Each structure stands twice: as C-alpha cells, then as structure tokens.
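Below is one structure, written out as structure tokens, with a few remarks after it.
Protein chains in written order, with this note's numbering: chain D, 2 to 178; chain B, 26 to 301.
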C-alpha cells in the first residue's frame, strides 16, 4: 500500500472509531447482591428536600439533581448508587455505609476517557472506615492520583453525600421509633 | 468687442484638447474601477444605512430562520425530535437533550423508549436501562437505574389505574404505586408510541438546540465587513474600499486638471472678446 493510502486508511479508521463507551466494572445489581449476601432488600426512597438538599448541594457544589434517591437498607447498613460528573461524564459509584462509616466504595460504571485508576482498591480502600465530621467533611485525607484529580474529587464528594444521607436515614429511623 | 473674428490659437498649455495618453489611460482605469467597485460600494452603502438604524428597525431582535444561512454560519442541523405525548405535555428528545415541552430537562445521548403518565401525576420517561421520573413542571424527581428495573426496557405504558407498565426481553411487568417493586405478567396497558411533534414544539426545540439565534443585524454586519464570505471576504471589502479611495483621488486630479485648463481657456477667450 502506498504511504498516502496508508495514511488515508489510518485517518479513516480513526474517524470511524466510536466514542469511548461506558466501562461497566461491576453491574449495579451485582454490587447490591454482593453487599447483601445475595438477598437484596426492597429499595426505599429518601426525599432530598429542605435542609438535606442544601447540605447535599453544598458538598457537590451544584444542584442535587433529583428530588429523591433510592437506597437499600438492612439493619445498620445502607447501600447507595450515586452518580457525579468527573470531568464531563457521570461516574456511577456504589457506596455501602455501615453504622455511619464507609464499608465499601466501588466504581460501577466509568464513562470518562481518563482517570479510571480510581476503580482500583489501592484508591478505594482509603475510604474504608471513613466517617463524616460535623462540617460534612471526611474524617481523613484521601490521597489523590495524578491525572485523575477530577475523578478523585467526584468519588470523595459522593462518599460524603452517602455518609450524610445514611445519617438522615438513621435519624429518620430513630425518630420513627 | 471683437468684430466676429475667431479667437487666436491657444498655446499648448491652455488649449482645450483631448487629454494626454497617460491621463487618458488613467481615465479609462478610473471608469473600470468605478464599475467594478460600484456593486460593493452600493452594498456597503445600503448595509451601512440599515446598520445605522438597526435598533429602530428591530434588526437586532429579528432572528434569521433561513436554513441555508444558518448552515453557512455553522449552526448544527436540527433533526426532527423524537416525541411522545405525555398527557397534556410532550416529552421530546433532540438527539442530545431531553425536553418536557420546550423546557430542557437533562442532556442525554440515549433515545427514550416512551413515556407514561402515572396516577400521582408524575411522568415516567423510559430509556433502555433507566427510568426518569419527572414532575409536570419538568423537575427530575428520580432517576431509577437498571438495578431497580426488571430488565432492558423496550416499551412503556400505563395501565387503566395509572400504574407503570413496561415490556422487557423477559416479558411484561407492572410496577407498584411507589415504583419499588414489579409484578410480572401481561399488562393491559396503553403503550407509548412516538408521534410527530407539533410544528411549534419543533421550532422551539430547534431554537433551544441552536442557542442564541442568528440576528439580522449580525448578518448585515458580516455582509458589511465582508466576513459573511469567509476569510477572503474582508480582503474583498478592503479592495473595494481601496478602489473607492483610488477613484476619489483620481477624480479629484481629473477635476483639478480640467478646471485649470478650462479657466485658462475662459480667461484667454474673455481677453480676446473684451480687449482692455
């Protein structure tokens, strides 16, 4: 093949390449099954209104999006599937909170072109045991990853939101008793 | 007073005669330039006049809707929206964004499979792997992910008592009132079908997709400066302006030369007719 034809073929193949698709690392239903020993409880709904909404928006730094969120709860454990935009695309993240501390955080679906390193345990294990301070901050520093700053930031925000919402659910339960 | 004789021969400097060859050539070029620049000068003059009164004529508020002109300006072509009737509302997808009537709801590349109005007044918009609940005001009440759905959604509808029904690869399902659980089984539902959006909605969506519209004033400005013709446009207008400057200068030169000669001729003629 002549060099010009080769170049043309390469350019054509690049032009025809599909946009980066979503990488599903763990299907949300599998995440729930893993964290509730195969028997996923019925979902419940938490309304994100009033003071809760303000706090969520303060953490995220933008509108909370939907007016209500569903979660799965059994005993002192709640599981949340939340989304936050890293740079341009939402990162779907599963977070399990047990007794007010993060038990597990998993990147379920990643759509950004870079920053996917946040899926690895060397990063997500930092959140294990993290709780929320009175100022809705994590009680520890989360080390970043070069080239994945926005994804790190998104996951940190989501962990704060999950802890905050878990507290709301827990206080609603206490109030109902 | 002379006695009817002809005036004496004028000398070479004052004689009214055909211009010299160089000047003659300049006159020819002056005319050619004039003809070539006339159209552009006319364009400059007309657009300049209109621009001077653009505000009074409302040109800064008039949006251009000619598709060829919008394409020329690089406005993306707007495809006909995929629209579904949802009670008194329309849910439409432009290819990049979901709308409730003409109000943008969320950006999404995914095409909706249908809509359903539920008994509590909320609208469910079904995507293959998610369900979006909207209030009649267009607020996102909830986004229900694949983990809470009975499978990939193929179509959506509502039952007679306002419950959500869906069809997946595994069959038909009806949701409970809180949309927290699903009951498998055939659903006597009214299934959502795409429909042609009303013309006004199509136009509103096209406007929303294009963003701030192209005003007549913008087009006139670009016509005036030549930018409408692309990178070479301003150079063309510059050439027209230079031609116009050249014409003005050569015009003044011709007028000056001719004036000198005519004055000299008239002076000699007067002296001859009225000798002192």
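Glycine included, every Cβ here is placed at the ideal spot set by N, Cα and C. Bear in mind the structure is a predicted one, so any value in this text is a computation, not a measurement.
Just so you know, the alpha carbons of residue 218/B and residue 264/B end up roughly 59 Å apart. The closest CA to that of residue 127/D, considering only 117/D, 116/D, 28/D, 139/D, is found on 139/D. Judged by their CB atoms, residue 256/B and residue 62/B are not nearer to each other than the 7 Å cut-off. Interface annotation, residue 168/B: in contact with chain D, CB-CB separation under 7 Å. Under the three-state reduction of DSSP output, residue 294/B falls in the helix class. Here the alpha carbon of residue 110/B sits roughly 12 Å from the alpha carbon of residue 124/B. Judged by their CB atoms, residue 81/D and residue 103/D are not nearer to each other than the 7 Å cut-off.
Of the residues 100/B, 146/B, 165/B, the one whose Cα lies closest to the Cα of residue 112/B is 146/B.
For residue 263/B, the secondary structure class from DSSP, reduced to helix, strand or coil, is helix. In this chain, the beta strand (DSSP E) harbouring residue 130/B covers 128 to 132. The region 137 to 157 of chain B and the region 186 to 201 of chain B touch, with no fewer than 3 CB-CB distances between them shorter than 8 Å.
Annotation: residue 238/B has no Cβ neighbours in chain D at a cutoff of 7 Å; minimum Cβ distance is about 26 Å. Judged by DSSP in its simplified three-state form, residue 143/D adopts coil rather than helix or strand.
For residue 205/B, the nearest beta carbon of chain D is closer than 7 Å to its own beta carbon. Taking 3 residues as the shortest admissible run, the region 100 to 132 of chain D contains the following complete beta strand (DSSP E) segments, listed from N- to C-terminal end: 102 to 111.
For residue 131/B, the closest alpha carbon among the candidates 121/B, 289/B, 144/B is that of 121/B. The straight-line gap separating the alpha-carbon atoms of residue 48/D and residue 60/D is approximately 17 Å. Residues of the region 166 to 194 of chain B with a Cβ closer than 8 Å to any Cβ of chain D, in chain order: 166, 167, 168, 169, 170, 171, 172, 173. Per DSSP, the unbroken alpha helix (DSSP H) holding residue 35/D starts and ends at 29 to 36. Not a single CB atom of chain B sits nearer than 7 Å to the CB of residue 139/D.
Chain B places a beta carbon closer than 7 Å to that of residue 82/D, counting this residue as a contact. Excluding sequence positions up to five before and after residue 75/B, its CB lies within less than 8 Å of the CB of 82, 84, 245, all in the same chain and listed in chain order. In summary, residue 178/B is buried, with 16 or more beta-carbon neighbours lying within 10 Å of its beta-carbon over all protein chains present. Judged by pairs of C-beta atoms under 8 Å, the region 54 to 61 of chain B does not touch the region 192 to 206 of chain B, as fewer than three such pairs exist.
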